[in-house]
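Encoded as structure tokens, the structure appears first; notes follow it.
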Amino acid sequence: MTEPEVLLFIIKLVLGGILAFLAILVWSKTRDAAWFFLVSGTILAYCGVVYEMLKSFGIITKTFYLLWNIPIIDLCFVVIPSLFFIVGFIIMIAKSKY
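Taking the numbering used here, the leading residue of the sequence shown gets 1, the next gets one more, and so forth.
This is the structure we're talking about:
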């Protein structure tokens, strides 16, 4: 792993941690279903960054379960946060008075 890649991971971890912390603070103030999905998507996206970092450092080496030759855990960290964001925004749109 090169030095710029390590620096990029550090930036992703710091900014993602701040983002996840602030998202949890906002959700604790609102207690809304839409915010729950947005916060969950943010936290899972951050978990995906941590998992990607552990995999690139060689701490996590083998993935046993594949779906269409894609590791299931990689697929989950890509798909599930996006689905949570979609559901959260749909709930917000449904609650608006347009």
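The C-beta atom is built at its ideal place from N, Cα and C for all residues, glycine as well.
CB of residue i within 8 Å of CB of residue j, strictly
| i | j | result |
| --- | --- | --- |
| residue 22 | residue 81 | no |
| residue 48 | residue 77 | yes |
| residue 53 | residue 89 | no |
| residue 20 | residue 51 | no |
Option nearest residue i by Cα separation, candidates the options
| i | options | result |
| --- | --- | --- |
| residue 85 | 2, 74, 34 and 66 | 34 |
| residue 39 | 24, 52, 51 and 73 | 24 |
Which residues DSSP lists as bridging residue i, in chain order
| i | result |
| --- | --- |
| residue 71 | 66 |
Nonlocal neighbours in the same chain, by C-beta distance under 6 Å from residue i, ignoring five residues either side
| i | result |
| --- | --- |
| residue 41 | 81, 84 and 85 |
| residue 91 | 33 and 34 |
| residue 71 | 63 |
Neighbourhood of residue i by C-beta distance below 8 Å, restricted to the same chain and skipping five residues each side
| i | result |
| --- | --- |
| residue 28 | none |
Sequence-distant residues of the same chain with beta carbon closer than 7 Å to residue i, five excluded per side
| i | result |
| --- | --- |
| residue 75 | 67 |
| residue 87 | 37 |
| residue 93 | none |
Check whether the stretch 63-72 touches the stretch 6-13, taking contact to mean three or more Cβ pairs, one atom from each stretch, closer than 8 Å.
-> Touching, no, given that fewer than three Cβ pairs across the two stretches are closer than 8 Å.
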